[in-house]
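Peer 1:
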Amino acid sequence: MNIAIIGSGPSAFYAAQSFSNDEKVNVDIIEKFFAPYGLVRYGVAPDHQKTKNIIKLFNRVLEKDNVNFFGNINVSKDISLDFLSENYDAVLLATGASEDKLLNIEGEEKVGVYGSAKFVGWYNGNPEHSNLKPNLNSKNAIIIGNGNVALDCARILAKTKDELHGSDISQKNLNLLSNSKIDKIYIVGRRGPKDAKFTISELREFKEVKNYSTLINFPRETLKSFINDSKIDTRVKKNLEVFDEFYNKDKKTKEIIFDFFKHPIEIYGDQKAEGMKLKNQNGELLDIKSNLIIKAIGYKVKPIGNLQMDKSNNFLFSDNGHINKNIFTTGWASSPSVGVIGTNKGRALEIVKKILSVIIHSKKNSTEKLKEKIINTKLVFISKDQWKTLDKIEESNSMPHFVREKFDNVNIALDVLKKN
Ligand SMILES: Cc1cc2nc3c(=O)[nH]c(=O)nc-3n(C[C@H](O)[C@H](O)[C@H](O)COP(=O)(O)OP(=O)(O)OC[C@H]3O[C@@H](n4cnc5c(N)ncnc54)[C@H](O)[C@@H]3O)c2cc1C
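Under my numbering, the first residue of the sequence shown is numbered 4, with each subsequent residue one higher.
1. Buried or exposed: D411, going by 16 or more other Cβ atoms within 10 Å of its Cβ?
2. Helix, strand or coil for V361? Go by DSSP, reduced to three states.
3. Going by Cα to Cα distance, which pick from L65, L60, F72 is closest to E371?
4. Return yes when the Cβ of L135 is within less than 8 angstroms of the Cβ of K184, no when it is not.
5. Hey, is Y302 close to ligand 1, as in C-beta under 7 angstroms from one of its heavy atoms?
6. Mapping the DSSP letters down to three states, classify A351 as helix, strand or coil.
7. Just curious, the alpha helix (DSSP H) that T332 is in, first and last residue?
8. Give the range of the beta strand (DSSP E) segment to which L295 is assigned.
9. For G286, which of helix, strand or coil comes out of DSSP?
10. Just verifying my parser: in three-state terms, what is the DSSP assignment at Y2?
11. Relative to ligand 1, is the shortest distance from any of its heavy atoms to the C-beta of S101 smaller than 7 angstroms?
12. Is K162 buried or exposed, if buried means 16 or more other CB atoms sit within 10 Å of its CB?
13. With hydrogens ignored, establish whether the beta-carbon of K35 is closer than 7 angstroms to any heavy atom of ligand 1.
14. Around the C-beta of Q174, are 16 or more other C-beta atoms found within 10 angstroms, so that it is buried, or is it exposed?
15. Does the beta-carbon of P13, which I'm using as the reference point, lie nearer than 7 angstroms to any heavy atom of ligand 1?
16. Considering only residues of the region 223–311, which uninterrupted beta strand (DSSP E) runs meet the minimum length of 3 residues and lie entirely inside it, listed in chain order?
17. Any beta carbon from chain C within less than 8 angstroms of N317's own beta carbon?
18. Could you check what DSSP says for S21 in three-state terms: helix, strand or coil?
19. May I ask you to list the residues that DSSP assigns as paired with Y215?
20. Under the criterion of a Cβ to heavy atom distance below 7 angstroms, does W125 qualify as lining ligand 1?
Below is the structure:
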């Protein structure tokens with residue numbers, strides 16, 4: 004059986020792991036970037052290296068003889084989905100959700116306003132966003148959203164160079180962040196502290212941030228009454244208890260402000276963002292001046308070829324993972340982009356089971372045909388051995404106290420490979 008998996012994030016690797024347990028199944032992983040691992044490399048925060056440990060498991064899958072890697076091949080741009088569908092027994096789209104959702108307010112397109120896909124991509128060295136140059140000269144930064152991605156963005160903006168030791172942030176970005184003029188970071192939520200989607204461990208990290216006090220723009224007495232409510236959900240209660248501790252934190256010159264019950268109304272400024280108008284619960288208009296506004300409000304799928312989107316327009320339309328013919332989907336490409344890395348495992352295993360039960364093996368020499376197509380189209384792919392070489396070089400290029408110095412540009416990576 005010949006399977007093409009498109010993408011190399013967690014969903015792709017969980018599926019590849021399951022497929023490859025059967026030695027008669029050959030798996031070709033096709034990835035648009037030269038590096039594998041999807042959002043584990045380009046989404047998970049650089050100071051959350053423990054989370055990135057899952058890469059060790061993914062590497063064990065890559066090591067298998069019946070798993071191949073074709074990096075630097077963008078499906079539907081470089082190679083059509085039709086070609087893969089014709090030459091493989093099944094094609095599994097595990098392409099994730101790389102686009103930012105829109106706020107749909109005036110001024111959203113102004114310079115200095117970024118979706119978190121771009122901003123996080125920038126600090127993580129994603130080749131599509133590594134040249135972003137966010138304006139860190141702004142005194143105030145506004146982050147819209149009350150999920151963990153908003154916390155990641157705030158923490159990376161707030162931490163000092165020393166606090167980022169042990170991370171894989173690049174030297175270039177570390178220097179830019181160290182020279183940042185930001186001294187107030189607003190984390191804006193439309194709803195209140197009870198509705199915030201933060202997880203407790205991410206919230207607790209703010210107790211340790213060295214240069215910033217953490218303020219809660221919410222009456223403490225009301226917060227305490229929520230905590231004392233016997234019907235409150237345990238997860239929510241634990242978050243509220245952390246918020247409660249924030250009221251007592253020592254006053255520092257810089258501040259992170261959890262600004263609840265604020266509706267973004269408009270981003271103003273000429274071509275560049277100068278600030279944001281918001282409405283509070285009483286309908287009063289408020290104004291925060293800022294040249295750096297980050298929208299951490301969720302992700303949607305970038306359309307692939309002419310595949311139909313779900314009615315929400317956020318992910319690919321499928322019948323429980325089956326798109327059409329021998330094409331299937333899983334992970335964030337196939338459903339709302341929520342949940343942690345491990346959430347993708349169950350869904351990947353289900354789709355593998357389905358594919359193995361409905362597809363009859365008939366396609367031969369799929370890998371050879373893909374290689375031939377790549378050569379004939381004058382594309383350059385990165386093999387798993389070449390990725391291993393790049394991986395080692397990234398580690399050995401690392402600054403003292405850091406984990407690796409990522410390549411953030413495919414041409415540089417290809418040049419390095421020529422010399423090694
Ligand atoms: C900012 C951020 C931080 C996160 N932090 C955590 C965390 O700390 N802990 C945690 O458990 N979870 C975290 N998550 C969630 C986790 O990253 C996701 O659940 C998971 O990555 C989704 O896996 P996926 O394989 O479906 O998609 P992805 O990880 O996005 O992988 C999709 C892959 O497909 C590739 N691709 C896309 N289009 C094409 C194409 N046309 N051709 C070839 N390849 C293509 C992409 O380059 C990518 O490699 C975070 C998510 C975000 C956005």
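All residues carry an ideal CB built from backbone N, CA and C; glycine is no exception.
For clarity, every value in this text was computed on a predicted model and none was experimentally measured.
Peer 2: According to the structure data:
1. With 16 or more other Cβ atoms within 10 Å, it is buried.
2. Under the three-state reduction of DSSP output, V361 falls in the helix class.
3. Of the candidates L65, L60, F72, the one whose C-alpha sits nearest the C-alpha of E371 is F72.
4. The answer is no: Cβ separation not under 8 angstroms.
5. For ligand 1, at least one heavy atom lies less than 7 angstroms from the Cβ of Y302.
6. Note: A351 maps to helix in three-state DSSP.
7. Boundaries around T332 are those of the beta strand (DSSP E), 330–332, since no alpha helix (DSSP H) includes it.
8. Under the DSSP assignment, L295 falls in the beta strand (DSSP E) whose first and last residues are 295–298.
9. Shown here, G286 sits in coil according to DSSP, grouped into three states, outside any helix or strand.
10. Nothing about residue 2 can be read from this structure; the chain reaches only from 4 to 423.
11. At least one heavy atom of ligand 1 is nearer than 7 angstroms to the Cβ of S101, so yes.
12. Within a 10 Å sphere around the beta-carbon of K162 sit 16 or more other beta-carbons, which makes this residue buried.
13. Yes, since a heavy atom of ligand 1 falls inside the 7 angstroms radius drawn around the Cβ of K35.
14. Burial call: exposed.
15. True, at least one ligand heavy atom lies under 7 angstroms from that Cβ.
16. Runs of the beta strand (DSSP E) inside the region 223–311: 257–262, 266–271, 278–282, 288–292, 295–298.
17. The structure shown contains no chain C; it holds only a single protein chain.
18. Note: S21 maps to helix in three-state DSSP.
19. Paired residue(s): K257.
20. Distances from the CB of W125 to the heavy atoms of ligand 1 are all 7 angstroms or more.
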